[in-house]
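Single-structure report; data block below.
There are 2 protein chains.
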Amino acid sequence: MRGYDKHAFEPFAVTVDLAVLTLRAGALHVLLVERGQEPYAGRWALPGGFLLPEESAETAARRELAEETGLADVTGLHLEQLRTYSEPGRDPRMRVVSVAFAALLPDPPQNSVRGDTHPAALEPHGGGDAADARWVPYDAAQGLAFDHDRILADARDRVGAKLEYTCLATAFCPAEFTLGELQQVYETVWGTALDRPNFRRKVLATTGFVEPVQGAARLTGGRGKPAALYRAGPATTLHPPLLRTPREGRPA
Amino acid sequence: MRGYDKHAFEPFAVTVDLAVLTLRAGALHVLLVERGQEPYAGRWALPGGFLLPEESAETAARRELAEETGLADVTGLHLEQLRTYSEPGRDPRMRVVSVAFAALLPDPPQNSVRGDTHPAALEPHGGGDAADARWVPYDAAQGLAFDHDRILADARDRVGAKLEYTCLATAFCPAEFTLGELQQVYETVWGTALDRPNFRRKVLATTGFVEPVQGAARLTGGRGKPAALYRAGPATTLHPPLLRTPREGRPA
DNA sequence: CCCTTTAATAGTCTCTACGACTATAAAGAG
DNA sequence: CTCTTTATAGTCGTAGAGACTATTAAAGGG
């Protein structure tokens, strides 16, 4: 920030990388694109792209998110800046500084990602080096291009930590959800089982976390007693937090 | 991250900005530099500078920190990446993307910052547009250059939040400290008073937070009963957290 | 030297929150 | 209907935190 009108400075390429996370079939999934060209041709990578001259990293991230997921309304999705990765050599060709984001969204319809239906019809953007786009289970997302393994792991760590003291979990849920679905978010991201009555008590005792949906407040569909529906409340932080205790959980 | 070998991309200037925080005389202080030239000439700003071609943002931040504070050992200091600020127009002259850091250090000796003793002898670096460097009480650090007010506020928020669930507070303390000093860290950053016996019980009950210093374990100096000395323990996170409850505190 | 002041440390009491657990209700499958 | 499955209600015991009192060990003032 100082002296750059008197001295030369190094120009950098600035990109955004997105760890787009969702829950599908009880497992954490991440949206990956397959690289079509070198370096790392054929390898999977996090979606992302360059900042345009007149947009912020947040704006670029939301634009890329819309392009990659094909979702119309990315305005309501939770987008969170993780950190910036700037190690020299993280891109073998040039100096690239990348601002990483985590995006959380409810399990989208199967065809909402273009790559799921027409891999070849993926609209090429930012150069068209993406051959495919696909939701991949988190545990299967290994060996990604560049330092994306690290970014993805950091994203999961951050999300897991923020579940404890923020209302972030509702970002994985649709507009109306059951407490069982909300509990599955915690169990899936943390990888631990939670006691259902205690989870219920805790969530309902936290003012502003969720609020009941009046009217057709019951959802059937599966077996068992229908669950009441809730929507996200006005709170953003949890007081007191919903702590992930190392010893918690019961064996299914 | 995609396609930049086929398409033009915008080059950006990348800088680091540092919110260097310490506690002095019972108040949170931040290290500011006075800008010597336009824009914002004469205004105070956070220290910072450009990334060199072969260094990461973390390396650049630590280098700037050493240069600005004049401290010999910046290796042990707590340096934490906050977030990256990339809004177009945040620098009136050009497009600058800045990676912001928070640095925490114990109250340094009065002469450790060059600007405190020889303002004119401040070694110019990155262009020499810093006319002075000074520790400023947090509440007096208003109207900073660029978007540094926002960065500084974000730094304080982050530090305050991390005091709850990490051992970050010891980063403000010298190698050996009393529990009273540790409590002052919390009280100063949070702006609330804490009950001393309860604070003591909580800290000592958290394994790995602090460990007693054997031998000359007592520090006198002021009035009252001498306090036992402690050093930072091996833990990095607090289980359970030391929560900042809205209602906590007693009126002095 | 005694007494006050100051600060550190020890301990008590109470209430809340949470983990563990049991019981009941409401649906579908057979 | 009966069994299974899932949601919901409630109970019990304990750990931890807030509020508070008491004791100890120093400095300072007369």
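Read top to bottom, the protein sequences are chains A and B.
Residues in the first sequence are numbered consecutively from 1, following this note's numbering.
Residues in the second sequence are numbered consecutively from 1001, following this note's numbering.
Note that CB positions come from ideal geometry on N, CA and C, so glycine has one too.
DSSP places R1035/B inside the beta strand (DSSP E), whose first and last residues are A1027 to R1035.
Three or more Cβ pairs drawn from the stretch 1172 to 1182 of chain B and the stretch 1190 to 1209 of chain B lie within less than 8 Å of each other, which places the two stretches in contact.
CA-to-CA, the gap between E10/A and L204/A works out to about 53 Å. Residue-level contact check: V1014/B touches chain A, since one or more beta carbons of chain A fall below 9 Å from its beta carbon.
A distance below 8 Å between beta-carbons, with the five flanking residues on each side excluded, links R1158/B to the following residues of its chain, in chain order: E1080, L1082 and A1102. DSSP places V1016/B in the strand class (E or B) of the three-state scheme. Put simply, the CB of F1009/B is near chain A, with a gap under 9 Å to one of its CB atoms.
Using a CB distance cut-off of 9 Å, H29/A does not count as an interface residue toward chain B. Unbroken beta strand (DSSP E) stretches of 3 residues or longer found wholly inside the stretch 182 to 236 of chain A: 210 to 212 and 230 to 232, given in chain order. The Cβ atoms of A155/A and A19/A lie closer than 9 Å to each other. Within 8 Å of the CB of A57/A, the CB atoms of chain B belong to T1084, S1086 and V1097, in sequence order along the chain. Per the DSSP secondary-structure output, F50/A pairs in a beta bridge with T15/A. Beta-carbon to beta-carbon, A145/A and W44/A are separated by about 7 Å, close enough to satisfy the 8 Å threshold. Under the 9 Å criterion on CB atoms, Y1186/B is classed as non-interfacial with respect to chain A. Among the residues facing chain B, F50/A is included, as its CB has a counterpart in that chain under 9 Å away. With respect to the C-alpha of P212/A, the residue from E64/A, A175/A, V96/A and L243/A having the closest C-alpha is A175/A. Across the structure, L1046/B and D1091/B are spaced so that their CA atoms are roughly 14 Å apart. The beta-carbon of Y165/A is placed less than 9 Å from the nearest beta-carbon of chain B.
Within the same chain, and ignoring the five residues on either side of V14/A in sequence, the residues whose Cβ sits closer than 8 Å to its Cβ are F50, L51, A57, V96, V97, S98 and V99. Taking a C-beta distance under 9 Å as the contact criterion, P241/A and F172/A do not qualify as a contact pair. Checking the DSSP bridge columns, you'll see L65/A has no partner listed. Partner residues in the beta bridge of Y85/A, as assigned by DSSP, are S98/A. DSSP, reduced to helix, strand and coil, places T75/A outside both helices and strands of the structure shown, so it counts as coil. Ranked by Cα distance from T1075/B, the first of Y1085/B, L1104/B, R1093/B and G1048/B is L1104/B. In this structure, D147/A lies near E87/A, with their beta-carbon atoms less than 9 Å apart. Proximity of chain A to L1032/B at the Cβ level (cut-off 9 Å) is not reached, the minimal Cβ distance being about 12 Å. Contact note: L1243/B reaches chain A through P240, using a C-beta cutoff of 7 Å and chain order. Secondary structure of T178/A (DSSP, three-state): coil. Excluding its 5 nearest sequence neighbours in each direction, R1024/B has C-beta neighbours in its own chain below 7 Å: D1107 and W1135, listed in chain order. In this structure, DSSP gives T1166/B an extended state, which the three-state scheme calls strand. E68/A does not reach chain B, its nearest Cβ partner there being about 10 Å away, counting only Cβ pairs nearer than 9 Å.
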